[in-house]
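Engineer:
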Amino acid sequence: DGGITQSPKYLFRKEGQNVTLSCEQNLNHDAMYWYRQDPGQGLRLIYYSQIVNDFQKGDIAEGYSVSREKKESFPLTVTSAQKNPTAFYLCASSITRARGTEAFFGQGTRLTVV
Amino acid sequence: AQSVAQPEDQVNVAEGNPLTVKCTYSVSGNPYLFWYVQYPNRGLQFLLKYITGDNLVKGSYGFEAEFNKSQTSFHLKKPSALVSDSALYFCAVRFPNAGNMLTFGGGTRLMVKP
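Protein chains in written order, with the working numbering: chain A, -19 to 94; chain B, 1305 to 1418.
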C-alpha cells in the first residue's frame, strides 16, 4: 500500500536524551513536513523539505533537527535542547510544494518525557 | 499578518441535522484552502480543497465547503450529520508569498449526538 509510515507509534524519552522519529513515504512525493500537535493548539510546523539534501526551518525548529538523505525518508531528531518535547508528532508529504497540492499525513508518533 | 482561524473550539449537533464548522482567514492575495479531519490518536485525513472556480467544493464522506471571498471564510458543511462524523476538524491555508507552507487553524471538535 502507498502511504506514509511513522515509527514508533509511542516513544518515551528520558530527560536529556536525544530521540529520532522515523518517517518514510512511498508516494514518490518531493516535499515532506514535520508538525507538532499539542492539545488545543492545532499543528505547528517544525521543519520541511522540498527536495533531497535540502530542508528549511518552520515556526518552531529550536531543539529539533532533520535530515533528507533519501527522497522517501525524513527523520526528525528531538534533542535535549527541546525543553518541552511531550507532544504528538505528525509527518506529512505532498507531491510538490506547489500551492494546489494537498498534504498526506502519517499516523503520528506520541512522544512522552519520563 | 496572514492567519487562519477556527472560531469555535467545539460544535455540537444532533444526528441527522446539518452541521457547519467555521473557518476564516486573513490574507493579501488568493489563498488555497483545505479541510482535514483527525480521529483520536491518528493522522489527518484530507477532506477537500478550494483552488479556484466554483465556490462550493464537494469532498469526501458527504462534506462540502463554501468559499466566500468577501467574508474571507471557508466553512465546512454537511447536510445530515452522522455520529461517526465526530472528530477533530482542521482548516488549513496555503498563503501566497509565504513559501507555500500549509498553515493550520487551531481545530474544532465536532460532537454528533444520537
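From the three backbone atoms N, C-alpha and C, an ideal C-beta is built for every residue, glycine too.
Would DSSP call Tyr1343 (chain B) helix, strand or coil?
Structural biologist: Here residue 1343 (chain B) refers to the residue found at position 39 of the second sequence. If DSSP states are grouped into helix, strand and coil, Tyr1343 (chain B) belongs with coil.
Engineer: Under 8 angstroms between C-beta atoms, does Leu1323 (chain B) make it to chain A?
Structural biologist: If you number the second sequence from 1, residue 1323 (chain B) lands on position 19. Not one chain A Cβ lies under 8 angstroms of Leu1323 (chain B).
Engineer: Tell whether a beta-carbon distance below 8 angstroms holds between Ser74 (chain A) and Ala67 (chain A).
Structural biologist: Taking the first sequence and counting its residues from 1, the one referred to as residue 74 (chain A) is at position 94. Taking the first sequence and counting its residues from 1, the one referred to as residue 67 (chain A) is at position 87. Contact flag unset, no.
Engineer: Count the other CB atoms, across all protein chains shown, that sit within 10 Å of the CB of Pro1383 (chain B); report buried if there are 16 or more and exposed otherwise.
Structural biologist: Residue 1383 (chain B) sits at position 79 when you count from the first residue of the second sequence. With fewer than 16 Cβ atoms within 10 Å of its Cβ, Pro1383 (chain B) is classed as exposed.
Engineer: Determine the burial state of Lys1353 (chain B): buried for a count of at least 16 other Cβ atoms within 10 Å of its Cβ, exposed for fewer.
Structural biologist: Position 49 of the second sequence, counting from 1, holds the residue named residue 1353 (chain B). Lys1353 (chain B) is buried by the Cβ-count criterion.
Engineer: Once you ignore the five residues that flank Leu1337 (chain B) on each side, which residues in its own chain have a CB closer than 6 angstroms to its CB?
Structural biologist: Numbered from 1 along the second sequence, position 33 holds the residue referred to as residue 1337 (chain B). Counting only Cβ-Cβ distances below 6 angstroms, and skipping sequence neighbours, we find Tyr1354, Phe1378, Val1397.
Engineer: Distance, Cα to Cα, Lys(-6) (chain A) vs Ser29 (chain A)?
Structural biologist: One-based indexing of the first sequence puts residue -6 (chain A) at position 14. One-based indexing of the first sequence puts residue 29 (chain A) at position 49. If you take the alpha carbons of Lys(-6) (chain A) and Ser29 (chain A), they lie about 28 angstroms apart.
Engineer: Does the beta carbon of Phe1408 (chain B) come closer than 8 angstroms to any beta carbon on chain A?
Structural biologist: Locating residue 1408 (chain B) in the second sequence gives position 104, where the first residue counts as 1. Answer yes: the Cβ-Cβ gap between Phe1408 (chain B) and chain A drops below 8 angstroms somewhere.
Engineer: Taking only beta-carbon atoms, is Ala83 (chain A) less than 8 angstroms away from chain B?
Structural biologist: Numbered from its first residue, the first sequence carries residue 83 (chain A) at position 103. It does: the Cβ of Ala83 (chain A) has a partner Cβ on chain B nearer than 8 angstroms.
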